[in-house]
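Below is one structure; the comments refer to it alone.
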Amino acid sequence: AQSVTQPDIHITVSEGASLELRCNYSYGATPYLFWYVQSPGQGLQLLLKYFSGDTLVQGIKGFEAEFKRSQSSFNLRKPSVHWSDAAEYFCAVGGNSGNTPLVFGKGTRLSVIA
Amino acid sequence: EAEVAQSPRYKITEKSQAVAFWCDPISGHATLYWYRQILGQGPELLVQFQDESVVDDSQLPKDRFSAERLKGVDSTLKIQPAELGDSAMYLCASSLLRVLNTEAFFGQGTRLTVV
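Quick note, the sequences are listed as chains A and B, same order.
Numbers 17 to 130, taken from the numbering used here, label the letters of the first sequence in order.
Numbers 3 to 117, taken from the numbering used here, label the letters of the second sequence in order.
Right under this line is the structure:
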């Protein structure tokens, strides 16, 4: 069965510092990978997605993620964190045909300090 | 910009009462999902529709939960009777069908508190 592991429950970084959120997946077929962000009490906003091609994908708000098949990973990165990036981040795996539900990790909560 | 609409945003109900949530997907999206997100966890699928048909409801607690999408557009999720453990965020999402390289779009969710 497919699964997603986000090893870090909570990460705190200083504003301006770099960020990497880890994600490992297990999926029986070709994985299609997503990162979503959720602010408190809000829905999920898509940051970026990987379907095929270049393994380094760019997303919104300056985020990027790299797909590494050999490591079954899809880590999210940002070179310089802003205070407004504080939120919950979810990695998810699913299909790409519009009728495959997503399987989510448990999330990583990001706190940003001055 | 098209959005997935959900109502209400917040709902407080007493245990053993009935509660219902409504979702209006993005126009033209044949696939609709209901997810439940317990505080501190990732969303988990409850039910998936393709048009008006249920595709997957294997994780839906059918003794108390029901979902319908009668005309293949908007959808209602009902809980009767509500239990304390049902307190969670209920998220609706929609996506195009048979379109490659597409993603699901989520609504703002309904935060349910059962007291």
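From the three backbone atoms N, C-alpha and C, an ideal C-beta is built for every residue, glycine too.
All values derive from a computational prediction rather than experimental measurement.
When the five nearest sequence neighbours on each side are left out, the beta carbons in the same chain lying within less than 8 Å of the beta carbon of A/Ile129 are those of Thr28, Val29, Ser30 and Glu31, in order along the chain. Note that the C-beta distance between A/Gln18 and A/Val119 is below 9 Å. The beta carbon of B/Tyr92 is closer than 7 Å to those of Phe23, Trp36, Arg38, Leu79, Gly111, Thr112 and Leu114 in its chain, skipping five residues each way along the sequence.
Between A/Leu60 and A/Asp101, the CB-CB gap reaches or exceeds 9 Å.
When Cβ pairs closer than 8 Å are counted between the two stretches, the segment 37-55 of chain B is seen not to touch the segment 7-23 of chain B, the count staying below three. Inter-segment contact for the segment 52-66 of chain B and the segment 10-20 of chain B is absent: fewer than three beta-carbon pairs are separated by less than 8 Å.
Residue environment: B/Pro45 is assigned as buried (16 or more neighbouring CB atoms within 10 Å of its CB, all protein chains considered).
Measuring C-alpha to C-alpha distances from B/Asp53 to each of B/Leu47, B/Leu98, B/Gln82 and B/Ala106 identifies B/Leu98 as the nearest. The DSSP-derived three-state label of B/Lys13 is strand. For A/His26, the pairing in a beta bridge is given by DSSP as A/Arg125. Against chain A, the CB of B/Gly74 has no partner CB under 9 Å away; the residue lies outside that interface. Within the segment 36-59 of chain A, the residues whose Cβ lies closer than 7 Å to any Cβ of chain B are, in chain order, Phe50, Gly57, Gln58 and Gly59. Residues of chain A whose Cβ lies closer than 7 Å to the Cβ of B/Phe108 are, in chain order, Gly59 and Leu60.
Between A/Lys77 and chain B, the shortest Cβ-Cβ separation is not below 9 Å. Under the Cβ distance rule, A/Lys84 does not count among the residues neighbouring chain B, no pair being separated by less than 9 Å. Per DSSP, reduced to three states, the secondary structure at B/Leu86 is helical.
Think of a sphere of 8 Å around the beta carbon of B/Val57: the chain A residues whose beta carbon falls inside it are Asn115, in chain order. According to the DSSP secondary-structure assignment, B/Ile28 is paired through a beta bridge with no residue.
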